[in-house]
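Chemist:
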Amino acid sequence: MTNPFSRRAFLAGLGAGVGMPAFANAPATSLFPAPKPGDYAKRGLPSVAALVADAGLGGKIGFMVADARTGEVLEVHNPVLPLPPASVAKAITGAYALSTLGGTHRFQTRLVTTGPVLNGVIQGDLILVGGADPTLDTDALSQMAKELRAQGVTGISGKFHVNGAYLPYQRVIDPGQPDHLGYNPSISGLNLNFNRVHFEWKREGQSWAVAMDARSETLRPAVKVARMEVVDRKSPIFTYRDAAGVDSWTVAQAALGKGGSRWLPVRRPDIYTGEVFQVLARGQGVKLPRPLSQDGVAEGDVLVSHASAPVAEIVQGMLKYSTNLTAEVVGMAASVEAGGAPADLAGSADQMSDWAKDALGTRRLRFADHSGLSDQSIVTARDMVRALVTLSPEGELAPLLKNIPPRSELLPDGGTHVIRAKTGTLNFVSALAGYVTVPNGRELAFAIFTADMERRGAIQKAFRERPEGAKGWSRRSRRLQHDLIARWTVLFGT
Numbered sequence: 233m234t235n236p237f238s239r240r241a242f243l244a245g246l247g248a249g250v251g252m253p254a255f256a257n258a259p260a261t262s263l264f265p266a267p268k269p270g271d272y273a274k275r276g277l278p279s280v281a282a283l284v285a286d287a288g289l290g291g292k293i294g295f296m297v298a299d300a301r302t303g304e305v306l307e308v309h310n311p312v313l314p315l316p317p318a319s320v321a322k323a324i325t326g327a328y329a330l331s332t333l334g335g336t337h338r339f340q341t342r343l344v345t346t347g348p349v350l351n352g353v354i355q356g357d358l359i360l361v362g363g364a365d366p367t368l369d370t371d372a373l374s375q376m377a378k379e380l381r382a383q384g385v386t387g388i389s390g391k392f393h394v395n396g397a398y399l400p401y402q403r404v405i406d407p408g409q410p411d412h413l414g415y416n417p418s419i420s421g422l423n424l425n426f427n428r429v430h431f432e433w434k435r436e437g438q439s440w441a442v443a444m445d446a447r448s449e450t451l452r453p454a455v456k457v458a459r460m461e462v463v464d465r466k467s468p469i470f471t472y473r474d475a476a477g478v479d480s481w482t483v484a485q486a487a488l489g490k491g492g493s494r495w496l497p498v499r500r501p502d503i504y505t506g507e508v509f510q511v512l513a514r515g516q517g518v519k520l521p522r523p524l525s526q527d528g529v530a531e532g533d534v535l536v537s538h539a540s541a542p543v544a545e546i547v548q549g550m551l552k553y554s555t556n557l558t559a560e561v562v563g564m565a566a567s568v569e570a571g572g573a574p575a576d577l578a579g580s581a582d583q584m585s586d587w588a589k590d591a592l593g594t595r596r597l598r599f600a601d602h603s604g605l606s607d608q609s610i611v612t613a614r615d616m617v618r619a620l621v622t623l624s625p626e627g628e629l630a631p632l633l634k635n636i637p638p639r640s641e642l643l644p645d646g647g648t649h650v651i652r653a654k655t656g657t658l659n660f661v662s663a664l665a666g667y668v669t670v671p672n673g674r675e676l677a678f679a680i681f682t683a684d685m686e687r688r689g690a691i692q693k694a695f696r697e698r699p700e701g702a703k704g705w706s707r708r709s710r711r712l713q714h715d716l717i718a719r720w721t722v723l724f725g726t
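529 is the number that my numbering gives to position 297 of the sequence shown; each next residue is one higher, with no gaps.
What follows is the structure, given as structure tokens:
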């Protein structure tokens, strides 16, 4: 068994020979070549085995680091071991979207009419058509309502439809997650507020006032497509059922306290978006009937159109905040643009896997989704590094990756290296992959995957939001990741 290394001894070794007084009558020229400062650090570096043992993770670990420009492999540990990438998958999704859609592409959300406007009334139907914008929010819908009124519209003679058929509907990203998790929403071609509804509660005497709304910074339109009931119980905290198209939630009274709020997932994003637009339009003096879901291609004349930010900006936000809805929608939109017409999320993930093999030279990579939320996706460290080398530090993706501050006790100042990478975390799964610029200017591409699938598999579904031991495990994995990067900084950066 390898003994864990001594961090104190290593830090002391880094300082050897620095700031020491000169010996009396010392020769003007050393009898031996003077060691370079970096050599002291290299001699004192803990081994990979010692770093892994010190982390105490159990499970499996795989990593690779290579020269990002030449592809020269510098250090590996289980590089062909397939492990879940968690949200590191979003880096591949970002590259897929940039390559397929283009960085300047903008998603369009449109108001389409089936007849002309006469005396303020649309002679026919009004259709709110989603164009796969993952960032559409209440404020954007409010602006569309204002523009509709500016066109002179006050009502319609026909029906109000909502159309999210641009993408195949997906009820959840990962069916293995608890119902109430806001990062596991539904997906369609028409999405709003990352397909989450805001649940707020406040104690009033012996009961609670509850509200469900689609809030933004300035607006709080109430919704009917989701409702909440406070129930006298201790657990489970939430229950969910589909009540004839309405998201019907209950919450345990014992968990509420005096007040609070959280975001819950929406299971009918098209109706949710239409309901919010109906409220906002009424505020502008435009009367609309209740929204009805529409399939197929929407036919008619475009009256109002809202454009999203460019895809490059959306991808950068996705990588920074790790939003699952954005990853799934952008990935599926890329598959549609590529001509694949995927039947579901799994089919779109298969298309992205095939693209990665052809465009990035990967071999054993296979995705179950675009966000990494499912632990059924697998990636090897070798494939991830190969993809990063192919994409290049000067490519479109690298500048969009998040700058991550170095955090390692192995370097006294925390490190002078620059990390641009994507993190990934699931319960007992942690990953980090990207680029690191070391002190001599060399660019390295790296991927580090850690997972204890046995512990993860033992978690009951009801406890998967915050299982016991997962937080500490993730913290130790992150420390290992940064210690490995610090090791590479010393070995290959001086």
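Built from N, CA and C at the ideal position, the CB exists for glycine as well.
Computed from a prediction, not measured in an experiment: that's the story for all the values here.
1. In three-state DSSP terms, what is Asn310?
2. Expressed to the nearest angstrom, what Euclidean distance is found between the alpha-carbon atoms of Arg698 and Leu413?
3. With contact counted as at least three CB pairs below 8 Å, one residue from each stretch, are the segment 432 to 446 and the segment 458 to 474 in contact?
4. Please work out which residues of its chain come closer than 6 Å, Cβ to Cβ, to Val344, disregarding the five sequence neighbours upstream and downstream, and give them in chain order.
5. Going by the DSSP bridge assignment, what does Leu343 pair with across the sheet?
6. Are the CB atoms of Val543 and Leu333 within a distance shorter than 7 Å?
7. For Ala566, count neighbouring C-beta atoms within 10 Å of its own C-beta (all shown protein chains included) and say buried if the count is 16 or more, exposed if not.
8. Sorted by chain position, which residues of the same chain lie with C-beta nearer than 7 Å to Ile691's C-beta, five sequence neighbours on each side aside?
9. So which of Leu524, Lys434, Ala578, Thr325 has the shortest CA-CA distance to Val562?
10. Please state if the CB of Ser706 and the CB of Ser662 are separated by a distance shorter than 7 Å.
11. To the nearest whole angstrom, what separates the beta carbons of Arg403 and Arg499, a pair I think is in contact under 8 Å?
12. Can you grab the Cα-Cα spacing for the pair Val611 / Pro316, in whole Å?
13. Where does the unbroken beta strand (DSSP E) through Gln526 begin, and where does it stop?
14. Between the segment 576 to 583 and the segment 300 to 311, do at least 3 Cβ pairs fall closer than 8 Å?
15. Going by C-alpha distance, which of His538, Ser467, Val478, Glu436 is nearest Lys456?
16. Short of 8 Å in beta carbon distance, which residues of its chain neighbour Arg708, apart from the five on each side in sequence? Order them along the chain.
17. Taking a contact to mean a Cβ-Cβ separation below 7 Å, would you say Asp365 touches Thr341 in this structure?
18. When the Cα of Arg687 is compared with those of Trp587, Asp607, Leu643, Gly294, which residue comes out closest?
19. Quick one: is Asp527 buried, meaning 16 or more other Cβ sit within 10 Å of its Cβ, or exposed?
20. For Gln713 and Thr302, I'd like the C-alpha separation in whole angstroms.
21. Would you mind sorting Phe431 into buried or exposed? The rule is 16 or more other CB atoms within 10 Å of its CB.
22. Since Tyr398 is in the alpha helix (DSSP H), which residue starts that stretch and which ends it?
23. Which one of Gly725, Thr622, Thr726, Val668 has the shortest CA to CA distance from Ala327?
24. Just to confirm the assignment, what range does the beta strand (DSSP E) spanning Leu664 have?
25. Is the separation between the beta-carbon of Pro523 and that of Val394 shorter than 7 Å?
26. Suppose only complete runs of 4+ residues qualify. What are the alpha helix (DSSP H) ranges in the segment 559 to 637, listed by chain order?
27. Applying the criterion that 16 or more other CB atoms from any shown protein chain within 10 Å of the CB defines a buried residue, is Ala679 buried or exposed?
28. Between the Cα of Glu449 and those of Ser537, Val536, Ser374, spot the shortest distance and give me the residue it belongs to.
29. Terminal residues of the continuous beta strand (DSSP E) containing Asp299?
30. Can you list, in chain order, the residues of its chain with a C-beta nearer than 7 Å to that of Trp440? Leave out the 5 residues immediately preceding and following it.
31. Secondary structure at Ala690, three-state DSSP: helix, strand or coil?
32. Which residues in the same chain have their Cβ closer than 7 Å to the Cβ of Gln355, if we skip the five residues on either side of it in sequence?
33. Can you list the beta strand (DSSP E) stretches of 3 or more residues lying completely in the segment 381 to 446, in chain order?
34. Tell me, please, which residues DSSP counts as bridged to Gly656.
35. Among residues of its own chain, excluding the 5 on either side of Arg381, which ones have a beta-carbon nearer than 7 Å to its beta-carbon?
36. What is the rounded straight-line gap between the Cα of Ala266 and the Cα of Val617?
Modeler: If we stick to the structure as given:
1. To locate residue 310, count along the sequence shown from 1; it is residue 78. If DSSP states are grouped into helix, strand and coil, Asn310 belongs with coil.
2. What you label residue 698 is simply residue 466 of the sequence shown in a count that begins at 1. What you label residue 413 is simply residue 181 of the sequence shown in a count that begins at 1. Computed Cα separation, rounded: 11 Å.
3. They touch, by the three-pair rule.
4. In the sequence shown, the residue the question calls residue 344 occupies position 112. Ile359, Val361, Ala530, Gly532, Val534, listed in sequence order.
5. Here residue 343 refers to the residue found at position 111 when the sequence shown is read from its first residue. Looking at the DSSP assignment, Leu343 forms a beta bridge with Leu360, Val536.
6. Looking up residue 333 in the sequence shown gives position 101. Looking up residue 543 in the sequence shown gives position 311. Taking 7 Å as the Cβ cut-off, Leu333 and Val543 qualify as a contacting pair.
7. The residue you call residue 566 lines up with position 334 of the sequence shown. Result: buried.
8. Reading the sequence shown from its first residue, position 459 is the one you call residue 691. Within the same chain, Ile691 has close Cβ partners Asn659, Pro699.
9. Here residue 562 refers to the residue found at position 330 when the sequence shown is read from its first residue. Residue Thr325 is the option with its Cα nearest to Val562.
10. Numbered from 1 along the sequence shown, position 430 holds the residue referred to as residue 662. Numbered from 1 along the sequence shown, position 474 holds the residue referred to as residue 706. One thing to note: Ser662 has its Cβ within 7 Å of the Cβ of Ser706.
11. By 1-based counting over the sequence shown, the position of residue 403 is 171. By 1-based counting over the sequence shown, the position of residue 499 is 267. Confirmed, Cβ separation roughly 6 Å.
12. Walking along the sequence shown from the start, residue 611 turns up at place 379. Walking along the sequence shown from the start, residue 316 turns up at place 84. Cα to Cα, Val611 sits roughly 6 Å from Pro316.
13. The residue labelled residue 526 in the question sits at position 294 within the sequence shown. Looking at the DSSP string, the run of the beta strand (DSSP E) that includes Gln526 is 523 to 526.
14. Flag = no, the segment 576 to 583 and the segment 300 to 311 do not touch.
15. Within the sequence shown, numbered from 1, the residue matching residue 456 stands at position 224. Nearest option by C-alpha distance: Val478.
16. In the sequence shown, residue 708 corresponds to position 476, counting from 1. Result list for Arg708: Ala287, Gly288, Leu289, in chain order.
17. Counting from 1 along the sequence shown, the entry for residue 365 is found at position 133. Counting from 1 along the sequence shown, the entry for residue 341 is found at position 109. With respect to Thr341, Asp365 sits close: the two C-beta atoms are nearer than 7 Å.
18. Locating residue 687 in the sequence shown gives position 455, where the first residue counts as 1. Between Arg687 and the set Trp587, Asp607, Leu643, Gly294, the nearest pair of CA atoms involves Asp607.
19. Translated into positions along the sequence shown, residue 527 becomes position 295. With fewer than 16 Cβ atoms within 10 Å of its Cβ, Asp527 is classed as exposed.
20. Indexing the sequence shown from 1 puts residue 713 at position 481. Indexing the sequence shown from 1 puts residue 302 at position 70. Across the structure, Gln713 and Thr302 are spaced so that their CA atoms are roughly 23 Å apart.
21. Indexing the sequence shown from 1 puts residue 431 at position 199. Classified as buried, Phe431 has 16 or more neighbouring CB atoms from the shown chains inside 10 Å of its CB.
22. Position 166 of the sequence shown holds residue 398. Neither: Tyr398 is in no alpha helix (DSSP H) and is coded neither H nor E.
23. The sequence position of residue 327 within the sequence shown is 95, counting from 1. Checking every option, the nearest Cα to that of Ala327 belongs to Thr622.
24. Counting from one through the sequence shown, the residue named residue 664 turns up at place 432. Going by DSSP, Leu664 is part of the beta strand (DSSP E) stretching over 661 to 669.
25. In the sequence shown, counting from the first residue as 1, residue 523 sits at position 291. In the sequence shown, counting from the first residue as 1, residue 394 sits at position 162. A contact, by the Cβ cut-off of 7 Å.
26. Within the segment 559 to 637, the complete alpha helix (DSSP H) runs of at least 4 residues are 577 to 592, 613 to 623.
27. In the sequence shown, counting from the first residue as 1, residue 679 sits at position 447. Ala679 comes out buried.
28. Counting from 1 along the sequence shown, the entry for residue 449 is found at position 217. When Ser537, Val536, Ser374 are compared, the shortest CA-CA separation from Glu449 is found for Ser374.
29. Your numbering for residue 299 matches position 67 in the sequence shown. Counted as a single uninterrupted DSSP element, the beta strand (DSSP E) harbouring Asp299 occupies residues 292 to 299.
30. Translated into positions along the sequence shown, residue 440 becomes position 208. Cβ within range, chain order: Trp433, Lys434, Val462, Leu488.
31. Residue 690 sits at position 458 when you count from the first residue of the sequence shown. It is coil, neither helix nor strand.
32. Taking the sequence shown and counting its residues from 1, one reaches residue 355 at position 123. Cβ contact annotation for Gln355 (same chain, cutoff 7 Å, sequence separation greater than five): Gly347, Pro348, Ser389, in chain order.
33. 392 to 395, 428 to 436, 439 to 445, all fully within the segment 381 to 446.
34. Here the question's residue 656 lines up with position 424 in the sequence shown. Answer is Ala663.
35. If you number the sequence shown from 1, residue 381 lands on position 149. If you ignore the 5 residues before and after Arg381, its C-beta comes within less than 7 Å of the C-beta of Gln516, Gly517, Val518, all in its own chain and listed in chain order.
36. For the purposes of this step, residue 266 is taken as the residue at position 34 of the sequence shown. For the purposes of this step, residue 617 is taken as the residue at position 385 of the sequence shown. Note that Ala266 has pLDDT 39, beneath the 50 cutoff, so the model's placement of it is unreliable and no number is given.
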